[in-house]
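These protein sequence lines are chains W and C, in that order.
Number 1081 in this note's numbering belongs to position 36 of the first sequence; there are no gaps in the numbering.
Number 91 in this note's numbering belongs to position 90 of the second sequence; there are no gaps in the numbering.
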Amino acid sequence: MAAMAVKTSGLEKWFGQGEARTQAVRNATFEAAFGEMLYIVGPSGSGKTTLLSMISGILKPDGGDVVIDGKDLWKMKSDDIADLRLNRIGFVFQDYHLFPRLTTAENVAIPLILKKMDWDEALKVACHYLEIVGLKDRASLQPVKLSGGEQQRVAIARAIASNPDILIFDEPTASLDGDTGRKIVEFVKTNVLNESRCIIIVTHDSRIYEYADTIMRMEDGVITAVERNGTLKGDGA
Amino acid sequence: MPGILRIALKLLINDKGKFLALLLGITFAVFLMVMMMSMFSGILKRSSSSVLNVGAKIWVMDPAVNNATSSIPMPDYVLSSARSINGVKFAVPLYFGGALVKLKSGSYQAATVVGLDDATLFGRPEMIEGKIEDIFAENAFLVVKDAEFSKLEKPGVGSEFEINDHRGVVVGLAKAASSGLFGVPTLYTTYSRAISYIPSPRYTTSFILIEPKSDADTPFIQQEIQKLGYQALTSEQFVKKITDFYTFKTGLGMNVLLMTAISFVVGLSISGQTFYTFILENIEKFGALKAIGAKGHELVSMILFQAAFTSVIGYGLGVGLASTFMILAKLRLPDYAAQISFSILGFAFVMVLVIAGFSSYIGVRKVLRIQPFDIFRG
C-alpha cells in the first residue's frame, strides 16, 4: 500500500458573517497517496479551490485536520507552514502567475532562490527543469513571448524545480485549448508524477479525466463521490 | 546580493516605464528641494557677508539692529565705555553706510562704504593690488573686487570717481570672502573720511568692534554693554540674528519653506503613486510568491530594497542636477548666490528617505494583506 502524502479529516470552512455566512467545505475527509494523481472536480462554487487551499497550507480551516508527513499542518507556526510549502509543495496556478519582467529561467529559479540557493546555481538547475519540460531554448525569453501552453510548462517547471512531494494544480487546462490541455496533463502524468510524488488537480475539464488515478467529486462543499482507477466508490468520502 | 533582492531589482528596473517615472519623481523633488534650500542658504550667507568679511569677535550695536547694512548710529560714549570694560583688549568704531558714486562715464552707482578705524584699520580686507597703508592718502578708497566690481566700470589703481561730490581715488583692490546681498559694490576707506564724505546724523558709529583679551571675557563684556542699553554679540550670534531676521521676519524664509514643502509633496505624490501602481500591478505575483513559500519579511525586504534603490539613485541624480545647474548659473551670473552645504544634502536625504518610507509603507501594507488564497480564487 502506497504511503499517504496528504490526509484530511473533517475539514470545515465558513465564509462571511451574519446572514451572509455560508459553509464552503463540510466535513471533508480524504487521503491522497504518493504516486497518485488525484482530481478534485465539481461545478463552480462547490468548494474545491477552498479545499485545495486548506490542504496546501494557505487557508486556515475552521475545523478538522490536514496531516502531511505525519504532522498536523495547521498546528504549525506560519513561518514553518511557509517553509513546508516551499520545500514540500509545488503550485501551478490557473493564470500561471509568472513574472513578466523576469526571464523564463529566472521564473523557474524562484523557489530555489527562496531556498537561498546561489543565483547562478539556481539558474543552472532551472535550465535543467526547463529541459525536462522541453523549453530549454526558451530560457532567456520573457514569459510574454511564449504561448499559453509554453507558459503552462514554465509554471510546471517552476513547481517541480524545488523537487516537492506534493504538486497542486489549479485548473491547469482552463486557459488552454483542448489539445494543448490534454498534452500538458499527459506530460505531467508521464514525466512529473512518480512514486514519491502526489499530484492534486482541481479541474472541471472532463476531457482530462482519463489521466486521473482518483477523481473526487464535490458539490455544495461536500465530497459526494470518490472514483479510483475507474471504479466509483460511492457517496461520501 | 541575496537572490531575493536580485529578483526585486530585476522586477524594478526591467519595468522601465515605471522605474523612470519613479526616478523622475524623486530626482525632481530632490532637485527642487536642494535648489530652494541652496538659494536660501546662499542668500543668508550673503546677508551676513559684512560680519564674515570684517572678522571681529564681538560686535556692539543698538538692540534694534537686525542686520549689518541697516545700523543705528551710536554715541561716542559707548565706544569710550566699551574700551574701559575689563577684559576688552581693544575696541574700535566701524562705519557702515551707503553713498552714490559718480563714475567716469557720468553715470551713478550706489555703493556701500565701510569706514575702518583710522588707528588700527581693524577689519581691513585682503589686498589684491596696492598697499593697505595707501588708504591714508588723500581721498583714498579701496574697491572690493567681487561680483559687483564691474558696476564701478572695473576701476584700476589710480582711477578716480566722485562720491557725494567729493573726489575719490582708487588706491587698491581688495578681495572679500563673501559678496553682499543687495548687489552693490563695496568701498573701504578710513572711518574719519567716511563720516566726513557721507552725510551723517549726530551720531556716526555704526558698530563697535571689540577684541576681548580672552574668549572667557566675552560674557562679562556682553553684560556690561547691556547695562549701557546696547547689545554685544559674538560674530556667530550676529550671523544668527541676521539669519533669523531674514528667515522669520521677512517673507523670504516662509516662501522658501513653502517651495521646499511643495517640492517634497510633488516628489512624494509622483513617487508614492507610481510605486503604489507598481505594487498593484505585481500584487498577484507577490501573492504567488507567498503561496510558493516566501515569508512576509522577505517580501517586505524586496519592497524596501526597491524603494531604497530608487530613492538613492534619484537622490544622486537630483543632487547632481542641482549642482550642475548651479555651476552653469555661476558661469553666466557671477553674483548667483546659491550654495550647497552638507546640512542641505542631509536634509534632502532625510526627505528622500521619508518619500521612500511612505512609498514602501503603502506597498508593504498591500503586499502583507494579499492572501495566497486570493490567487487561487482569481
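Beta carbons: idealized from backbone N, C-alpha and C, even for Gly.
Applying a beta-carbon distance threshold of less than 8 Å, which residues of chain C neighbour W/R1130?
-> Chain C residues near W/R1130: A292, I293, G294.
Could you give the DSSP three-state label for W/D1283: helix, strand or coil?
-> With chain W running from 1046 to 1282 in the structure shown, residue 1283 of chain W is simply not present.
C/S236 versus C/P213 - alpha carbon distance = 12 Å
Provide the residue(s) that pair with C/H167 in DSSP beta bridges, ordered along the chain.
-> C/I164
When the cut-off is 7 Å and only beta carbons count, does C/R12 lie next to chain W?
-> The amino acid occupying residue 12 of chain C in the given sequence is Leu; Arg does not appear at that position. So, interface residue.
Going by C-alpha distance, which of W/A1077, W/V1237, W/L1097, W/R1066 is nearest W/I1213?
-> W/L1097
Can you tell which of C/N256, C/G321, C/S361 has its C-alpha closest to the C-alpha of C/M38?
-> C/N256
Can you name, in chain order, every residue of its own chain whose Cβ lies under 7 Å from the Cβ of W/L1143, other than the five neighbours on each side?
-> N1152, P1188, Q1196, V1199, A1200
With a cut-off of 7 Å, does the C-beta of C/R370 fall near any C-beta of chain W?
-> no
Expressed to the nearest angstrom, what Euclidean distance is found between the alpha-carbon atoms of W/E1272 and W/E1255?
-> 12 Å
Beta-carbon spacing of C/E225, C/I73 below 7 Å = no
Hey, is C/I164 close to the ligand HEM, as in C-beta under 6 Å from one of its heavy atoms?
-> What this structure holds is no ligand at all, so the ligand HEM is not there to describe.
Just checking my contact of W/M1263 with W/I1085 at CB under 8 Å: how many whole Å lie between their CB atoms?
-> 6 Å
Please list, in chain order, all residues of the same chain as W/C1172 whose beta carbon is under 7 Å from its beta carbon, the five residues on each side excluded.
-> In the same chain as W/C1172, and ignoring 5 residues on each side of it, the C-beta atoms closer than 7 Å to its own belong to A1150, K1181, A1184, in chain order.
Per DSSP, what kind of secondary structure is C/D118 in: helix, strand or coil?
-> coil
Contact between the region 188-201 of chain C and the region 130-138 of chain C (3+ Cβ pairs under 8 Å) = Counting Cβ pairs under 8 Å, three or more are found: they touch.
With DSSP collapsed to three states, give me the class of C/D336.
-> coil
Stretch pair the region 332-352 of chain C + the region 272-286 of chain C: three plus CB contacts closer than 8 Å = no
Compute the Euclidean distance between the alpha carbons of W/T1225 and W/F1232, then round it to the nearest angstrom.
-> 10 Å
Which bits of chain W does C/A22 rub up against, with CB to CB less than 8 Å?
-> By Cβ distance, chain W contributes nothing, its closest Cβ being about 15 Å from C/A22, past 8 Å.
Please classify C/A295: does DSSP put it in a helix, a strand, or coil?
-> In the three-state reduction of the DSSP assignment, C/A295 falls in the coil class, being assigned neither a helical nor a strand state.
Would a check of beta-carbon distances place W/R1242 closer than 7 Å to chain C?
-> no
C/G159 versus C/S71 - alpha carbon distance | 31 Å
Using a Cβ cut-off of 7 Å, pull out every chain C residue sitting near W/W1164, in sequence order please.
-> G4, R7
Proximity winner among C/I328, C/L269, C/L334, relative to C/I27 (alpha-carbon distances) = C/L269
If you drop the 5 nearest sequence neighbours on each side, which residues of the same chain put their C-beta closer than 8 Å to that of C/I8?
-> M303
Would a C-beta distance cut-off of 7 Å place C/I376 and C/E285 closer than the cut-off?
-> Their beta carbons are under 7 Å apart, which means C/I376 touches C/E285 by this criterion.
Chain A partners of W/I1158, CB-CB under 7 Å?
-> In the structure shown, chain A cannot be found, because the protein chains are W and C.
Note down, in chain order, every chain C residue with its Cβ under 7 Å from the Cβ of W/H1173.
-> Per Cβ cutoff of 7 Å: no residues; W/H1173 is ~17 Å from chain C at best.
Residues near C/R1 in its chain [Cβ-Cβ closer than 6 Å; skip 5 each side] = Residue 1 of chain C lies beyond the stretch modelled for chain C, which goes from 2 to 379, so this question has no answer here.
Span of the alpha helix (DSSP H), counted from its first residue to its last, around W/V1170 = 1164-1177
Is C/A148 helix, strand or coil by DSSP?
-> coil
Could you spell out where the beta strand (DSSP E) holding C/M38 opens and where it closes?
-> That residue, C/M38, is in no beta strand (DSSP E); its alpha helix (DSSP H) goes 17-48.
Is any beta-carbon of chain W found at less than 7 Å from that of C/D147?
-> No, no contact with chain W.
Residues sharing a beta bridge with C/T191, DSSP = C/L117
Nearest to C/Q238 by alpha carbon, out of C/N68, C/G43, C/A22, C/L25?
-> C/N68
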